[in-house]
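A quick write-up on the structure given underneath.
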Amino acid sequence: MTSTRPPGRGSPPVPRRDSLGEGRHAPGAYGADRRRPAPASSSPLMSILLYGGVALLALGVGAATFFIMSPPTDYIRREIIARVKAETGRDLRIAGPTSFTIFPSLGLSLSDVSLSTPPGMGGEPFVKMASFDVGVRLMPLLRQEIVVDRVELNEPVFSLRVDSNGRRSWDLASLHVPLRFARADAAWPRLSELIVSPAKAAEHREIAAVSLDDIRITNGAVRYNDERSGAWGRFDGLNAQFSLAAMDEPLTGSGSLVAEGETFEFKSTLTTPAELAQQRPAKLALTVSGMPLTFSYDGTIGPNDGAGTITASSPSLSALAHWWGNEVSPEVGAGEVAFTARLNATQTSVHLSDIDLKAGRTTASGTVGFEERQGARPHVAADLKISGLNVAELPLGAELRAGRGGSAVPAPTPLSLEPPVPAPPASEPDSIEDLLNRPASPQVKGYTQRAGWSNEPINIKALGLADADARLALSEVTYGRTRIDAAQVTVGVKDLIAKVTLSELRLYDGSGHGLITLDASGSDAAFTSDVALSGISARPLLRDAAQVDWLAGNADVAWKVSGHGTTEADIVRSLNGTSSVALRDGAVIGFDLGGAMSELSEGSIPSFALDAAKKTDFRSLTGTFAIADGIAANNDLKLDSQHLHASGDGTVDLPQRALDYTVRPKLVANLGGDGGEQNAVGIEVPVRITGSWEQPALSPDIEGAINNPNTVDAVKQIGKQLKGKKAGEIVQDLFGKGEDGGPSKAEKLLDSLFGEE
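Each step along the sequence shown adds one to the number in numbering that gives the first Met the number 0, with nothing skipped, and position 609 is 608.
Shown next, in the form of structure tokens:
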């Protein structure tokens with residue numbers, strides 16, 4: 000009988016597992032072996048790969064550590080130097096350590112680096128720098144691609160030099176390998192080959208892409224020097240950053256530099272470097288801006304030429320001139336500067352066309368060209384229209400006259416017709432008798448020594464910079480205060496000799512022509528001047544040119560002079576030549592000779608002080624001068640007026656800017672007002688003119704007139720027109736009686752000379 004339990008009550012029965020045989024059970028069967036099964040055995044190949052990979056990784060880490068800690072820098076240094084020499088012919092000098100860098104990127108650092116000038120040139124290295132760093136990206140490198148992401152030049156100094164033979168330190172004439180960039184599958188190039196010559200590297204493996212995300216110049220400098228002419232320039236504080244995504248993408252850059260103490264910011268875009276690498280022109284947009292000057296170029300630039308538009312501007316001509324190293328007057332320096340031109344340049348020439356310049360009151364338009372010539376000086380050609388130019392304010396003019404930063408020649412003191420501050424009064428004669436009692440030598444009053452000519456060295460060796468041919472159409476041009484209304488000027492410079500031809504010259508209501516030659520071929524500057532002017536208004540010309548305001552008239556003037564020297568004063572002291580002057584319908588301002596003679600005829604001594612209200616009118620004034628060693632001598636001065644004649648002789652001391660001249664006005668017998676004949680009998684009183692050009696002093700020699708034997712004849716002739724008075728009465732009328740009513744000393748003198756009438 001089978002016993003059972005009701006369902007749901009008590010413990011459930013333990014299930015029995017099917018036996019798989021003796022001692023074996025089905026999986027999960029009760030009583031089965033609970034131990035973990037033994038691992039399956041691996042193949043020998045997998046074991047070798049596993050342990051071999053670990054070993055290679057350890058070896059690679061060790062090798063990399065050794066390579067970083069002890070890189071083959073000497074080998075790399077030698078390879079780079081050799082490659083530079085082979086590809087460029089230049090010597091690369093690496094005086095400092097060479098090392099690999101990990102941060103900020105994988106790369107190479109060279110210290111104390113310099114690159115020589117082209118073979119055979121010598122002199123300072125083309126560039127020298129504290130260090131040169133190159134960085135590359137790691138991941139592209141693992142894909143066998145070179146992505147140069149960093150190039151840094153620390154404290155580079157670029158020496159742009161032109162030697163006496165015209166060779167340029169920046170020429171790469173010895174580099175003949177073309178630059179190529181493309182995808183390739185050749186073997187990987189050596190690092191030294193990549194750094195030195197991308198083209199050589201491309202022979203092994205064409206480069207898929209060259210990317211320069213960060214090109215830096217830190218605290219650099221640029222020096223320029225032309226040994227042929229002495230021209231030089233320099234920039235300091237050059238800090239720049241450039242970026243190039245790919246060779247066929249734009250190269251952009253920005254930075255700053257310091258020139259003559261002013262900081263300038265610049266931006267540039269070049270599209271693209273690949274075009275230049277393929278010897279084709281690329282577009283360049285460059286802007287340089289600073290306080291004194293903003294400059295821009297928009298055009299093309301190629302390996303051998305360029306063409307584009309240049310613009311430049313400055314808010315202040317004075318500020319621009321000051322930055323350039325010269326000072327201009329506030330009047331001239333007022334206003335802005337604006338310049339535009341079309342540029343076309345080759346390796347040997349620069350041509351500016353469509354020039355449009357406005358600098359203060361000066362404007363210019365036309366063309367200028369510069370061309371280098373094999374075996375000869377460069378040549379400059381110009382065709383310009385210039386208006387409103389003040390030649391004395393040109394930087395070159397200041398350089399020639401006073402040197403850079405020097406002081407200009409002090410302006411001469413203008414003639415003032417106002418009486419000077421009086422000195423303590425000396426006893427003045429009230430009559431001829433008082434005059435006769437005075438010392439024989441007349442006292443000269445009113446002379447004031449002026450500063451004189453400049454002793455600053457003159458350097459016209461700039462004529463040796465280039466030969467030139469220029470045509471200039473001038474209008475409203477001034478030199479200091481001297482003005483030229485219009486002129487056609489041609490300038491030819493050859494072999495350090497400049498010839499300036501003046502034609503259609505219009506100035507001061509007159510006209511003129513001439514030829515001026517400057518010769519810089521000798522040790523001293525030399526010049527000749529052959530100029531003729533006609534119909535000139537003399538007073539404004541003399542006032543503006545020499546601060547002489549006491550001579551007026553319609554003038555014809557000519558001179559032919561030559562001189563030489565190293566300073567302005569030397570040249571004036573060396574002047575030799577001739578000059579002539581003829582004035583018509585003019586006047587001597589400040590003194591009335593006719594009135595003085597009338598006063599003298601009335602027996603009183605006239606005042607010879609300058610008086611702006613007085614003048615001596617004349618119909619003509621002529622004279623010729625012989626100039627020797629800066630002294631102009633004259634002995635044929637003739638003055639013809641309605642009331643008197645005058646002759647004169649004396650000297651003009653050009654170096655001292657002084658006069659020593661005697662004028663002999665003659666009160667002629669014909670008192671009808673036409674002055675009579677030149678040889679007519681008359682009373683002649685010499686007047687000595689001495690002192691500076693600007694303020695001459697007049698001193699009459701009345702004693703000499705009294706002692707002149709012709710005086711009594713003149714008195715007789717004049718007496719015939721004075722109501723038949725006898726000579727004695729005329730003498731009394733002219734010279735007065737003595738204090739006691741008896742004969743005067745003048746009358747006694749005449750009696751002793753000529754006998755009583």
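By construction, the Cβ of each residue, glycine as well, lies at the ideal position given by its N, Cα and C atoms.
Reference residue i; option with closest CA among the options
{"i": "arginine 160", "options": "Asp148, Val221, Leu211", "result": "Val221"}
{"i": "lysine 498", "options": "Asp468, Thr271, Gly479", "result": "Asp468"}
{"i": "alanine 320", "options": "Lys493, Val571, Gly332, Val147", "result": "Gly332"}
{"i": "valine 662", "options": "Asp235, Arg167, Pro685", "result": "Pro685"}
{"i": "phenylalanine 294", "options": "Ser267, Asn303, Asp304", "result": "Ser267"}
{"i": "alanine 391", "options": "Ala544, Asp247, Ser168", "result": "Ala544"}
{"i": "asparagine 224", "options": "Ser163, Glu274, Asn218, Val556", "result": "Ser163"}
{"i": "valine 287", "options": "Arg279, Asp297, Pro280", "result": "Asp297"}
{"i": "phenylalanine 265", "options": "Pro280, Leu292, Lys282, Ala273", "result": "Leu292"}
{"i": "leucine 91", "options": "Ser130, Gly106, Leu105", "result": "Ser130"}
{"i": "leucine 643", "options": "Glu683, Ile630, Ile626, Gln655", "result": "Glu683"}
{"i": "phenylalanine 99", "options": "Thr366, Asn633, Val135", "result": "Val135"}
{"i": "alanine 344", "options": "Gly301, Ala363, Gly365, Gly334", "result": "Gly301"}
{"i": "threonine 310", "options": "Asp304, Ala318, Leu342, Arg279", "result": "Leu342"}
{"i": "proline 280", "options": "Gly479, Ser312, Ser578, Gly305", "result": "Gly305"}
{"i": "asparagine 454", "options": "Glu475, Gly564, Ile535, Gly387", "result": "Gly564"}
{"i": "lysine 84", "options": "Asp355, Ser115, Pro103, Asp73", "result": "Ser115"}
{"i": "tyrosine 478", "options": "Gly534, Ser386, Leu550", "result": "Ser386"}
{"i": "glutamate 226", "options": "Ala318, Met120, Arg618", "result": "Met120"}
{"i": "serine 113", "options": "Arg166, Gly106, Glu123, Leu107", "result": "Glu123"}
{"i": "histidine 378", "options": "Asp466, Gln694, Asn553", "result": "Asp466"}
{"i": "valine 530", "options": "Ala696, Asp548, Leu504", "result": "Leu504"}
{"i": "arginine 167", "options": "Met138, Leu471, Asn553, Pro117", "result": "Pro117"}
{"i": "aspartate 548", "options": "Gly252, Gly289, Glu693", "result": "Glu693"}
Under 8 Å between C-beta atoms of residue i and residue j
{"i": "glycine 260", "j": "asparagine 238", "result": "no"}
{"i": "leucine 620", "j": "glycine 585", "result": "yes"}
{"i": "tryptophan 452", "j": "alanine 568", "result": "yes"}
{"i": "serine 502", "j": "glutamine 487", "result": "yes"}
{"i": "valine 150", "j": "isoleucine 214", "result": "yes"}
{"i": "aspartate 648", "j": "aspartate 659", "result": "no"}
{"i": "leucine 152", "j": "glycine 88", "result": "no"}
{"i": "glycine 562", "j": "valine 556", "result": "no"}
{"i": "alanine 632", "j": "leucine 638", "result": "no"}
{"i": "valine 147", "j": "lysine 127", "result": "no"}
{"i": "glutamate 330", "j": "proline 314", "result": "no"}
{"i": "alanine 537", "j": "leucine 473", "result": "no"}
{"i": "leucine 540", "j": "isoleucine 588", "result": "no"}
{"i": "leucine 383", "j": "glycine 359", "result": "no"}
Cut-off 7 Å between Cβ atoms - residues of its own chain near residue i, not counting five sequence neighbours on either side
{"i": "aspartate 494", "result": "Ser520"}
{"i": "glutamate 202", "result": "The predicted position of glutamate 202 is uncertain, since its pLDDT is 42 and thus under 50; no value can be drawn from it."}
{"i": "alanine 574", "result": "Here residue 574 is leucine; the residue named in the question, alanine, does not match the sequence. Excluding positions up to five away in sequence, the list reads Val560, Gly562, Ile626, Gly629, Leu653."}
{"i": "threonine 270", "result": "Pro249, Ala281, Lys282"}
{"i": "arginine 76", "result": "Ile93, Thr97"}
{"i": "threonine 481", "result": "Asp543, Ala544"}
Contacting residues, own chain, Cβ-Cβ under 6 Å from residue i (five flanking each side not counted)
{"i": "threonine 500", "result": "Thr489, Leu514"}
{"i": "serine 110", "result": "Gly95, Pro96, Ser130"}
{"i": "lysine 357", "result": "Ala337"}
{"i": "proline 272", "result": "Met246, Leu250"}
{"i": "serine 528", "result": "Ile515, Val560"}
{"i": "isoleucine 483", "result": "Val476, Leu506"}
{"i": "asparagine 436", "result": "Residue placement at asparagine 436 is poorly supported in this model, since its pLDDT is 44, which falls under 50; the coordinates are not used for a value here."}
{"i": "alanine 804", "result": "One cannot answer for residue 804 here, as it falls past the ends of the chain, which runs 0 to 756."}
{"i": "phenylalanine 624", "result": "Ser578, Ala631, Asn633"}
{"i": "aspartate 700", "result": "Pro685"}
{"i": "aspartate 235", "result": "Ala220, Val257"}
Sequence-distant residues of the same chain with beta carbon closer than 8 Å to residue i, five excluded per side
{"i": "glutamine 448", "result": "Note that glutamine 448 scores 37 on pLDDT, short of 50, meaning its location in the model is unreliable; the coordinates nonetheless yield the value given after this. Only Ser691 meet the Cβ criterion."}
{"i": "threonine 217", "result": "Glu151, Leu152, Asn153, Glu154, Asn238"}
{"i": "threonine 299", "result": "Pro280, Ala281, Lys282, Leu283, Gly305, Ala306, Gly307"}
Below-8 Å beta-carbon distance, residue i vs any chain D residue
{"i": "leucine 388", "result": "As a matter of chain content, chain D is missing from the structure shown, which is built from one protein chain."}
Which complete beta strand (DSSP E) runs does the region 457-502 hold, if anything under 3 residues is left out?
466-478, 481-493
Unbroken stretches of the beta strand (DSSP E), 3 residues or longer, contained in the region 87-138:
91-93, 97-100, 105-114, 126-135
Contact between the region 347-360 and the region 368-378 (3+ Cβ pairs under 8 Å):
yes
For the region 455-462 against the region 372-386, are there 3 or more C-beta pairs whose distance is under 8 Å?
no
Start-end ranges of the beta strand (DSSP E) lying completely within the region 549-600, minimum 3 residues
550-564, 575-588
Segments assigned beta strand (DSSP E), at least 3 residues, entirely inside the region 523-550
524-536
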